[in-house]
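Quick note on numbering that gives the first Met the number 0: the sequence shown kicks off at 0 and runs consecutively.
Structure first, then comments.
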Amino acid sequence: MPTAAGARRAAWCALWLGLASALLLVLGTAVGSTGLESLVHMGDDPVARQIVWDIRLPRTLGAWLAGALLGLAGAVAQGLFRNPLADPYLLGSASGAALGGAVAMAMFGVSPVAAQWIARIGITGMAFLGAAGAVVLTLVLAQGVQHTLRLLLAGVIVGVVLGAVRDLVELASPDILQAMQAFILGSTAFVGWIACTLMLAAWALCALLAWVLARALDGLTLGESTAASLGL
Numbered sequence: 000m001p002t003a004a005g006a007r008r009a010a011w012c013a014l015w016l017g018l019a020s021a022l023l024l025v026l027g028t029a030v031g032s033t034g035l036e037s038l039v040h041m042g043d044d045p046v047a048r049q050i051v052w053d054i055r056l057p058r059t060l061g062a063w064l065a066g067a068l069l070g071l072a073g074a075v076a077q078g079l080f081r082n083p084l085a086d087p088y089l090l091g092s093a094s095g096a097a098l099g100g101a102v103a104m105a106m107f108g109v110s111p112v113a114a115q116w117i118a119r120i121g122i123t124g125m126a127f128l129g130a131a132g133a134v135v136l137t138l139v140l141a142q143g144v145q146h147t148l149r150l151l152l153a154g155v156i157v158g159v160v161l162g163a164v165r166d167l168v169e170l171a172s173p174d175i176l177q178a179m180q181a182f183i184l185g186s187t188a189f190v191g192w193i194a195c196t197l198m199l200a201a202w203a204l205c206a207l208l209a210w211v212l213a214r215a216l217d218g219l220t221l222g223e224s225t226a227a228s229l230g231l
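Here it is, written out as structure tokens:
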């Protein structure tokens, strides 16, 4: 049956992707200034063990988890908008996150002293608040999620406006331009096990919510009238 064949293909695809991910994780722990030497001698060399376990492995796993979170967000957005090219900018969340980071840097500066203060607050926390605020603003303008086209247009408008506001913030505080560029591009240089744990918990929670709300998302992809008839 086609359904059974599709399920088998999905299972095989998941298996191959899992094996590829495991291989990439191993290869990621072998990349560094000391090469494979630290990975080979980590069993009897405390320094090599620290390099692999405390530096390389968290960075590699953190990059993998970040990709998993982006992939999950992209899959949900593509299913909701019925558009294989959907991205985080459609709801304005990316622009809101960038604006939150820019505001934090402009307010507290990028000097070492300010960076220590911001570290306690968290530029990431400000970016999250900016992203959440952008999504809420998009939902308010679209008057909910019942009208997919209206939601899409509202997200584009919010993204453009918040992007322009971020440009104004950077223009008013040119000293944050370099820091903002590094923030937007991202880095795994300071990723540790705590960050990996938080990302894993966030991924598990988001995946569970996506699974629970899968019926509602599927109903919306059938069209607004169909979703309304199903009580979604």
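The beta-carbon is built from N, C-alpha and C at its ideal position, and this holds for glycine as well.
Predicted, not measured: the structure shown is a model, and the values here were computed from it.
Per-residue burial, Gly95 [other beta carbons within 10 Å of its own, 16 or more giving buried]: Only buried fits Gly95, as 16 or more other CB atoms lie within 10 angstroms of its CB.
Pairwise C-alpha distance: Arg165 and Val102: Cα to Cα, the separation comes out at about 8 Å.
Leu212 (DSSP reduced to helix, strand or coil): Looking at Leu212 - three-state DSSP - the assignment turns out to be coil, as it is neither helix nor strand.
Cβ separation of Ala105 and Val168, assumed to be a contact under 8 Å, to the nearest whole Å: The pair is a contact, with the Cβ atoms about 5 Å apart (cut-off 8 Å).
Given Pro57 as reference, the closest of Leu26, Ala194, Leu212 once Cα atoms are compared: For the residues Leu26, Ala194, Leu212, the minimum Cα distance to Pro57 belongs to Ala194.
Length of the line joining the Cα atoms of Gly61 and Val190: Straight across, the Cα-Cα distance linking Gly61 with Val190 is about 6 Å.
Minimum C-alpha distance to Thr33 - residue among Ala21, Leu26, Pro45, Ile50: Selected option, being the one with the closest Cα: Ile50.
Cβ separation of Leu128 and Val157, assumed to be a contact under 8 Å, to the nearest whole Å: Taking a contact as a CB-CB distance under 8 Å, the pair Leu128 and Val157 does not count as one, their CB atoms being some 15 Å apart.
Continuous alpha helix (DSSP H) stretch holding Ala163: start and end: Ala163 -> alpha helix (DSSP H) spans 147-171.
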